[in-house]
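Those protein sequence lines, which keep their order, are chains A and B. With this note's numbering applied, the first sequence covers 60 to 192. With this note's numbering applied, the second sequence covers -12 to 460. Ideal Cβ positions, reconstructed from N, Cα and C, are used throughout, including at glycine. To start, the structure under review is shown below, and the notes come after it.
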Amino acid sequence: MNEYIGIVAGILLAGGITASMLILSSVLGKKNPTPEKLEPFECGKEPFSLPMGKMAVSFYLTAILFILFDVEVIFLYPWAIVYRELGMLGLVEVCVFVGILMIGFVYAWANGALEWAGQCSTGQRSTGQPRRD
Amino acid sequence: MNGVTLTDLGLLLPELILLGAALVLLLTAHRTRTTSVPTVVTLLAAAAALWVTGRVSPDAAENGFGGMLVADGYARFFRLLSAAGLAVVTLFADRRLRETDIPRPEFQTLLLLASVGMMLAASSADLLPLYLALELITICAYVLVGIRVERPHANEAAIKYFLSGSFASALMLLGISLIYGLTGTTTFDGIATALTAAPEGASPLLVGGIGLVVGGLAFKVAAVPFHAWAPDTYQGASAPVAAFLAAGSKAAGLAALGRVVVTALGPESQTTATMLVALAGLSVVLGSLVAAAQTDMKRLLAYSSIAHAGFALMGVASGTKEGAAATMTYAAFYVFMTLGAFGMVIALGERGERVDGYRGLAAQRPGAAATMLLFLLALTGIPLTAGFTAKFSVIRSAVGAGRIELAVLAVLASVVAAFVYMRVAVGMYMKEPTEPVPARFAPAVKLALAVAAGMTLAGGIFPGLLDSWTVSP
C-alpha cells in the first residue's frame, strides 16, 4: 500500500492548491463584473460565431506530417540505447521501419502536401496536376 | 534476446505481399492517379496472396513472433477469404472509380492495408496484435468511408463511424487491460491456462473484462446492441466501400471473435456463451425486423448484415469446435452472398441504391434480375443456395449446444427476413419498369458477380464444399 501514498499526497496537494486559489480569489478578490467578464471563456475572442469562410488546412497537414517524424524519434531513441545488443538485425529492422515511414513522407511530398503557395488562397494544387476534388 | 527470424517473416508472406503492393502504390500514387495500374496491382497482389496461402496445408500450424501470431488452418481459411474478398471488391469498384473522382491509388492502398489487418486479425494469438490488426482495419475503413470528401453524407458517415469506432476500441482496450491484470498475460494460451488454474469461478472483474472484449469485437461485426453505426455508415459510404465493410470487415471480426472465444476464453465458455447468445438473439430479431422498413438498398443490406452477424454468432455461441467451424462456413458463404448483392447495387448505379429502383428489372435485364434473385434467395436461406447451408450449420450447432430457444428465434427471424428480400424480388418480377434500361455491366463487374454467384450456388449444391477447409482454432 505504501507505494500509493505518494499518489494520494499528490492528489491532495493538487486539489488543495486549486481549491485554495479559487476560494481565496473569490473571497479576497475585487469584484467588477462586466458583460465580457461574465462570459464562459474570457479570452478576447468571440465565444460563439458562425463558421464563415474557408480555413486553410495547410497547418493541419504540416502538423500531421510532423507526426511521422515524431513516431520515428519515439522508436529510434530506445533503439539507440540498445543499439549494440541488437546488432545487425536491429539495424536492418530500424531501416525497414524508417523506410516505410519515409514512403509516407514521399507520398505526401509528391502529392503537393509541402506546397504552401497557392494552396492557402484557392485550394488548388500548384503542382499542375488535375484537382482531385 | 529473440529477434525476428526469416521463418517468422515466412509465416507472414501473404500479408507482406499485400503490404508491399500497398507501399508500391503509395510511392507511385502521383503518376497512377488516372490509370488502371492500382486496380491491376491490387488484383495481382490478391492473386499472389491466394496462391501463397493456398499452398500451405490446412493441417499445418506454426507459431511465430514469440507466439504472438499463429499460421494454422483457421488463419489460412480467413486469409483466403480476405484475399478473395479484396479481389472481388476491387473488380466491383473498378468502373465506379473510373466514373467518379475517388483517388484510385489511395483507394486501393487503403483496401490492401485493411486486408492486411483482416489477415492479421485471423492469425493473432495474442490480444495486442489482435487489437493492432483490428485498428488497422478500422482506421483504413474510416478513411474509405469518407473518401468522397465533397459529399456531406460520406463525411457524416465517416465521422459517425470514427466516433463510435474509437469508443468501441477504447472499451476493448480496457477489457484487454482487465484480463491482463487478472491473468498476467495477453497470449491466448496463457489466458486459457490462467483461467483454468483459477481456484474460484469467474470474478465480477473478469466478467467485465470479457464483456468489454466481446463487446468491442461485436462492434466490428455490427451485432445488436453495437450495431448503430452500420446503417448510417453503409448508406453514406460509396457502394464498393459498403460492400467491403459488410463482407471483409465483418468476416475479420468473426475470425477474431471465434479465436478469442474458443481458445483464450475457452475455460469461461459459460460466461461467453451467455453474452453471445444474447448478442445473436437480439441481432437476428432486430436486424430482420428493421430491414423490412427500409427504402434505401444499402440501408436494407446493412440491417440484413446485422441479422446475418447474429446468425454467424450462433455458431461461436455454442462454444464448441463444431460451432466455430459452423461460424467459419457461415462467414465464408455470407461474404460471397452479400458481395454479390452489393455488386448488383454497384452495377446498377444510382438506381440500384433505392429499393424501388429494382422495379421491372426482370423485363429489362433478365440476366441481372436472375442473378440478384439468386443472392436474395441465398440471403433468405432457401435450399440449394449457400445461404441454406450456412444457416443450417449454425442452427444445427445451436441445437447441438442445447440452445433450442435461440434456434427457434433464428428460424422465426428468417421468415421475417424472407419478406424483406422477397419485396425486392417481387418488385423485379411483378412490377412494371418505371426507369430506363440500365447500362450494360462492365466486364470486371460481370466477372466478380460470376465469382460470387458461383460460390453461392456451389455452396448450396455441395453443402460439404468447405468442410475440409474449416479448421476451427
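query                                                                                                                                     : result
Delimiting residues of the alpha helix (DSSP H) encompassing N142 (chain B)                                                               : P139 to T170
Alpha-carbon spacing of V407 (chain B) relative to A108 (chain B), whole angstroms                                                        : 32 Å
Backbone CA spacing between T96 (chain B) and S23 (chain B) [nearest angstrom]                                                            : 13 Å
Residues bridged to E49 (chain B) (per DSSP)                                                                                              : B:A58
Coil, strand or helix - R82 (chain B) by DSSP                                                                                             : helix
9 Å Cβ cut-off: residues of chain A touching V(-9) (chain B)                                                                              : L148 and E152
Length of the line joining the Cα atoms of L117 (chain B) and L(-1) (chain B)                                                             : 14 Å
Per DSSP, the bridge partner or partners of S111 (chain B)                                                                                : B:L56
Paired residues, beta bridge with D283 (chain B) - DSSP                                                                                   : B:R341
Beta-carbon neighbours of I162 (chain A), restricted to chain B and to distances below 8 Å                                                : L10, L13 and L14
Top-ranked residue by Cα proximity to V200 (chain B), from B:T183, B:T258 and B:L37                                                       : B:T258
Whole-angstrom distance between D129 (chain A) and V141 (chain A), CA atom to CA atom                                                     : 20 Å
Proximity test, Cβ basis, 8 Å: M(-12) (chain B) and chain A                                                                               : Here M(-12) (chain B) scores only 40 on pLDDT, less than 50, and its place in the model should not be relied on; the value that follows carries that caveat. Closer than 8 Å to some Cβ of chain A, the Cβ of M(-12) (chain B) qualifies, so yes.
Within-8 Å CB hit, H17 (chain B) to chain A                                                                                               : yes
Short CB-CB distance (under 8 Å) between S185 (chain A) and chain B                                                                       : The predicted position of S185 (chain A) is uncertain, since its pLDDT is 38 and thus under 50; a value taken from the coordinates is nonetheless stated next. No, S185 (chain A) lies away from the interface with chain B (no Cβ there is under 8 Å from its Cβ).
is_contact[A139 (chain A), chain B] using C-beta, thresh 8 Å                                                                              : no
Contact under 8 Å by Cβ, K147 (chain B) with T220 (chain B)                                                                               : yes
Chain B contact for A169 (chain A) (CB, 8 Å cutoff)                                                                                       : yes
Inter-residue spacing [alpha-carbon to alpha-carbon] between M359 (chain B) and L348 (chain B)                                            : 10 Å
CB of A112 (chain B) within 8 Å of CB of M55 (chain B), strictly                                                                          : yes
CB of F375 (chain B) within 8 Å of CB of G327 (chain B), strictly                                                                         : no
Sub-8 Å separation of I163 (chain B) and T170 (chain B) beta-carbons                                                                      : no
Sequence-distant residues of its chain with Cβ nearer than 6 Å to F175 (chain B) (five each side left out)                                : A112, T250 and A251
Pairwise C-alpha distance: R352 (chain B) and A101 (chain B)                                                                              : 35 Å
Local Cβ density within 10 Å of M301 (chain B), reported as buried at 16 or more and exposed below that                                   : buried
Same chain, Cβ closer than 6 Å to A289 (chain B), neighbours up to 5 away in sequence not counted                                         : A217, P218 and Y221
DSSP three-state assignment for T174 (chain B), whether helix, strand or coil                                                             : strand
Validate contact between the region 270 to 282 of chain B and the region 331 to 340 of chain B using beta carbons, cut 8 Å, 3 pairs       : no
M111 (chain A) (DSSP reduced to helix, strand or coil)                                                                                    : coil
Own chain, CB closer than 6 Å to G152 (chain B), minus 5 neighbours either side, in chain order                                           : T125
Contacts around A233 (chain B), its chain only, beta-carbon distance under 6 Å, and the 5 residues preceding and following it disregarded : S292 and T325
With 16 other Cβ atoms within 10 Å as the buried cut-off, status of V247 (chain B)                                                        : buried
Same chain, Cβ closer than 7 Å to L120 (chain A), five either side skipped, listed in chain order                                         : A172
Neighbour-count burial assignment, A475 (chain B), 16 or more Cβ in a 10 Å radius                                                         : An answer regarding residue 475 (chain B) cannot be provided, because it is not within the stretch -12 to 460 covered by chain B.
Simplified DSSP state of A16 (chain B), which is helix, strand or coil                                                                    : coil
Opening and closing residue of the alpha helix (DSSP H) in which A311 (chain B) lies                                                      : K308 to L335
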